[in-house]
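Undergrad: Structure in structure tokens, see below.
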Amino acid sequence: MNTNSASPDVLNEMTGYVLYIRTGEGTVRRRSSHPVFWCYESLIPYRHEELLSGWPEARVFWARPTGPSIGIAPLRGLSRLD
507 MNTNSASPDV LNEMTGYVLY IRTGEGTVRR RSSHPVFWCY ESLIPYRHEE LLSGWPEARV
567 FWARPTGPSI GIAPLRGLSR LD
């Protein structure tokens, strides 16, 4: 999303997310240091929260509770969850 054209009210409600990937073996990888998308709606289907340690973000929300999964983490400093 081009945030240059968004209104300040919308930007205040939006959160940037970074993409994470979890392998079947449980290895977690951070895929980007840039927001992959912006959202001000529900995190569904990313509802399985896991606290992160050793990563810039404090938590990630996985699409699946276990096994391989795609996750999104609120970008540190932009999230109202921090």
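Under this note's numbering, the first residue of the sequence shown carries the number 507, and numbering increases by one thereafter.
Built from N, CA and C at the ideal position, the CB exists for glycine as well.
Does the separation of the CB atoms of V524 and L581 fall below 8 Å?
TA: Result yes, Cβ atoms of V524 and L581 sit closer than 8 Å.
Undergrad: Out of F567, E531, S575, which one is the CA nearest neighbour of H554?
TA: H554 has its Cα closest to that of F567, out of F567, E531, S575.
Undergrad: Run through the DSSP bridge pairs and tell me what E555 is partnered with.
TA: In the DSSP output, where bridge partners are listed per residue, E555 has F567.
Undergrad: In the DSSP assignment, the beta strand (DSSP E) including I550 goes from what residue to what residue?
TA: Where I550 is concerned, there is no enclosing beta strand (DSSP E), given that its DSSP letter is neither H nor E.
Undergrad: Should R535 be listed as close to the ligand SAH, given that the test is whether its C-beta is under 7 Å from any heavy atom?
TA: Among the ligands in the structure shown, none appear at all, so the ligand SAH cannot be discussed.
Undergrad: Based on the DSSP output, what are the partners of G577 in its beta bridges?
TA: BP columns for G577 point to Y526, W568.
Undergrad: Please classify R528 as buried or exposed, where buried requires at least 16 other C-beta atoms within 10 Å of its C-beta.
TA: Buried, because 16 or more other Cβ atoms sit within 10 Å of the Cβ of R528.
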